[in-house]
Ligand SMILES: NC(=O)c1ccc[n+]([C@@H]2O[C@H](COP(=O)([O-])OP(=O)(O)OC[C@H]3O[C@@H](n4cnc5c(N)ncnc54)[C@H](O)[C@@H]3O)[C@@H](O)[C@H]2O)c1
């Protein structure tokens, strides 16, 4: 996620530094950024050449060098509290008090876990993969978070072409993962019951829900349906939806067999041979076309 997030700031015209623990990681991150910028440029998403944006990037294994003069620091180290804590101790010594420091954590209530680290000035800024393409960024604040810092980051993200939203209070999964997991639970439940096949669920997600949701949000949709109808239909359907709290066997069985998805070549679908690369390339191309439409018709 780190290089992708760095690319967002570079595309926003900011000088950006990435710090990692090894030169290999920095080199891989730099290559990934150049490749992504090149694809975006070739597809007409970026006006300036990859070289222009690359000139804004520096990489280093020295935390001190990376944070010098920075007005914003985004932490994106692995989701392990011990590693995050080590980083925060270093940053506390190196950064002036007014530097805004945020974490890209997916699940940890970090401001509550480390209450003495920058009280009020440290919160969550959650990007989605791949960060240069997916517009949404979730800013998660607590009661103690400095509102001015949140507003400032929100306006900077907007200038970088992102769509920030604020989640007021730590809820597990923030917003997007909660919505997504609710849909995934129902999808897994129906496949496990034998009512539908995985590829038909995916067709439904892409050809109906996703097709429309890209341009019409959930509350907007409810207003169009009519809230009286939504109330009647909810009353009938809600009691029939899955409320499973266990991970379903349809997933655990596959994990036990080593069928982990794209990374093992087999999941719900088969990705052997060139198929994984084909799927990724197609996804990237279509997401970039979608991003062009988003830029053309900002909501
Ligand atoms: N992968 C995703 O789709 C995704 C999406 C949203 C949020 N996140 C969150 O982003 C964070 C990073 O996730 P990731 O998937 O990119 O992890 P990753 O393991 O792919 O990358 C973490 C990077 O941090 C580096 N690192 C480790 N210790 C370090 C240190 N002490 N100093 C500097 N760099 C160090 C590693 O070398 C590695 O390059 C996590 O908090 C994760 O929950 C991930």
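In this note's numbering, the protein residues as written are 136 to 434.
All C-beta atoms, glycine included, are put in the ideal place defined by N, C-alpha and C.
Asked                                                                                                                        : Found
Residue 157 beta carbon near ligand 1 (any heavy atom closer than 7 Å)                                                       : yes
Cβ neighbour criterion (16 or more within 10 Å) applied to residue 151                                                       : buried
Within-8 Å CB hit, residue 157 to chain C                                                                                    : The chain labelled as chain C is not found in the depicted structure, where only one protein chain is given.
In DSSP terms, what residue 259 is bridged to                                                                                : 238, 275
Neighbourhood of residue 292 by C-beta distance below 7 Å, restricted to the same chain and skipping five residues each side : 272, 299
Simplified DSSP state of residue 211, which is helix, strand or coil                                                         : coil
Given residue 162 as reference, the closest of 147, 178, 138, 181 once Cα atoms are compared                                 : 138
The stretch 270 to 287 contacting the stretch 300 to 318, beta-carbon criterion three pairs below 8 Å                        : yes
Start-to-end residues for the alpha helix (DSSP H) that takes in residue 416                                                 : 410 to 431
Residue 248 beta carbon near ligand 1 (any heavy atom closer than 7 Å)                                                       : no
Nearest to residue 167 (by Cα), restricted to the options 147, 189, 227                                                      : 189
Paired residues, beta bridge with residue 193 - DSSP                                                                         : 152
Cβ separation of residue 389 and residue 147, assumed to be a contact under 8 Å, to the nearest whole Å                      : So it is not a contact: roughly 40 Å between Cβ atoms.
Range covered by the alpha helix (DSSP H) that runs through residue 302                                                      : Careful: residue 302 lies outside any alpha helix (DSSP H), inside the beta strand (DSSP E) at 298 to 303.
Sequence-distant residues of its chain with Cβ nearer than 7 Å to residue 211 (five each side left out)                      : 136, 137, 140, 239
In DSSP terms, what residue 345 is bridged to                                                                                : Bridge partners of residue 345: none, in fact.
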